Structures are given as C-alpha cells and as structure tokens.
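Take a look at the structure set out below.
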Amino acid sequence: MTIPIVLISTDVREADGYRWHATPQTYLDAVREGAGVIPLGLPNFGDGVDLDGLLDRVDGVVMTGSRSNVHPSNYGKAPSPANEPYDPDRDRTSIDLVRGALAEGLPVLSICRGMQELNVALGGTLATEIQELPGRMDHRAPPSDAQEARFAIRHSVAVRPGGLLHGIVKSARIDVNSLHRQAIDKLAPGLRVEATAADGTIEAVSGGNPNAFLLGVQWHPEYWFRTDAASAAILAAFGVAVREYLARRAGRPGEVIATD
Numbered sequence: 007m008t009i010p011i012v013l014i015s016t017d018v019r020e021a022d023g024y025r026w027h028a029t030p031q032t033y034l035d036a037v038r039e040g041a042g043v044i045p046l047g048l049p050n051f052g053d054g055v056d057l058d059g060l061l062d063r064v065d066g067v068v069m070t071g072s073r074s075n076v077h078p079s080n081y082g083k084a085p086s087p088a089n090e091p092y093d094p095d096r097d098r099t100s101i102d103l104v105r106g107a108l109a110e111g112l113p114v115l116s117i118c119r120g121m122q123e124l125n126v127a128l129g130g131t132l133a134t135e136i137q138e139l140p141g142r143m144d145h146r147a148p149p150s151d152a153q154e155a156r157f158a159i160r161h162s163v164a165v166r167p168g169g170l171l172h173g174i175v176k177s178a179r180i181d182v183n184s185l186h187r188q189a190i191d192k193l194a195p196g197l198r199v200e201a202t203a204a205d206g207t208i209e210a211v212s213g214g215n216p217n218a219f220l221l222g223v224q225w226h227p228e229y230w231f232r233t234d235a236a237s238a239a240i241l242a243a244f245g246v247a248v249r250e251y252l253a254r255r256a257g258r259p260g261e262v263i264a265t266d
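For the sequence shown, this note's numbering assigns the number 266 to the last residue and increments by one with no breaks.
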C-alpha cells in the first residue's frame, strides 16, 4: 500500500561552518505521527527547482513556522531592522511553493510563518511588530530558554461557526499558543477568516475551493498534537485530506491509503 508523501518547507541557517536547509523535528513528528504521512524537506533553491514537476509527485504541502519573518518587499512594504531576522532564500522558494500547490489542488497546511506566506502568496499583506499596535495583545513567545514555556497555551481564539476549522475542532472556541510578531493585515483574495483572537488578530484562514484542503493557523498545533485535542484534530484532518488526494490521483477514490 502507498504511503503519502508531503513536502515540508525548510529554513536556511548558518551553523558549524555549514549552510543548512532544515526544519525542527517537532514538525516532522507531527506530520509523520499526527497526520500519518511522510514529510520530505524542500531545500530553498528558488527557481532552481522544477516545482511543477515536483508537486506532481507529492500528495500535500506543509508550510512551517520559523523565527524569521517574511521580507516586507514581498508585499510592497519597506524592511526594518526591528522586524528581522529575515530568510530571503526561504521566501523565494516558499511563496512559489504555496502558489504551485494551490494551482495543483494539493492539500496545504500552513503554520505561523506558513500562514503569513500563504496570505502574501495570494496577494495579501502583513502587519509587523503587532505588539506595538494600539489595542493589540503581545503575541510573542514569552522570554525563556525552555521550549515548553515558549510554546505554552496562552489565549483562546473564536472559531467561525460552520467553517472548515469549526468542522475539524468541533468547538466555537479553542485555546492556542502564540509565538509571532507578524500577522495578517490585508486578507488575500480567496481566503476566508476561520478564527480570530480577542484583539482582532486573524488566527486562522481557509481557501474557497471546497475540493482542496487549505488551512492556515497562526499558532503551533505541531507542538502539542500528542496531548491537545484541537491540535491532534488539525493534523488528523490534514492527513485524511492527503490520503484522499492520493487516492483520487491514483484513480482509486474509494481506496484506503496506508498511514505511516
């Protein structure tokens, strides 16, 4: 039986004298265990990769979060040192990856920076350093070297009734973590708001194509998928969408596709 494969975005980092294209294991574990599919990291080669050909051979895409922010030049604004760090190599690859995946109708799950990339890829804009804006909460991670403290559940979000996310988590309100300085400003055409924080920050979005799974969340379900019901449900729903896509692509829509 065929096990689905999904592309997962990576960051570019300098360490130990090398230039790494990598992603944290928390995402890999969540995709493999929580969604039941195999993650395949995509190096950030920009237009040096035949994305169309590559997307023909995979069954879904996960856009990961990152400490870096989307460079403002990608949505028509000027950069600021206060908004660093940036990862321009990731931008050059990930934005085209999102567009290509949506054009192919692949299931897409976008997390934190990944949701921001999704919005930018479709023509939206971002607000930077939102903790400095009037009336906004501080959505940054608490200062700590302990990951469990940084990723701790911190606030609730209101889930749009009848939306994609509502159907997944089966609740009008869920509690989430928060580790970001950027957020959606102008919502991209074709995206719908699925959840908001108390200060109005857009916390989740979906796409308008009912036949293609597209969900973006501003928080990090990958960190708590083993213990948090909503996080587990999001990963599981993505896994179901990926297996259904693979079955349709193989011309066997009724077939049960193996999980890892």
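Idealized CB from N, CA, C, for every residue including glycine.
Computed from a prediction, not measured in an experiment: that's the story for all the values here.
For R96, no beta strand (DSSP E) encloses it; the enclosing alpha helix (DSSP H) starts and ends at 94 to 110.
When the beta-carbon positions are compared, Q188 and Q137 stay at least 8 Å from each other.
The continuous alpha helix (DSSP H) containing A155 extends over residues 153 to 156. Taking a contact to require three or more Cβ pairs closer than 8 Å, the region 242 to 253 and the region 38 to 45 qualify as touching.
Bounds of the beta strand (DSSP E) holding D181 are 179 to 182. For G222, the three-state secondary structure derived from DSSP is strand. Note on Q31: under 16 other CB atoms within 10 angstroms of its CB, so exposed under the neighbour-count rule. As DSSP reads the structure, G213 sits in a beta bridge with L197. Using a C-beta cut-off of 8 Å, the region 153 to 172 makes no contact with the region 105 to 115, since fewer than three inter-stretch Cβ pairs fall below that distance. With fewer than 16 other beta carbons inside 10 angstroms of its own, W26 counts as exposed.
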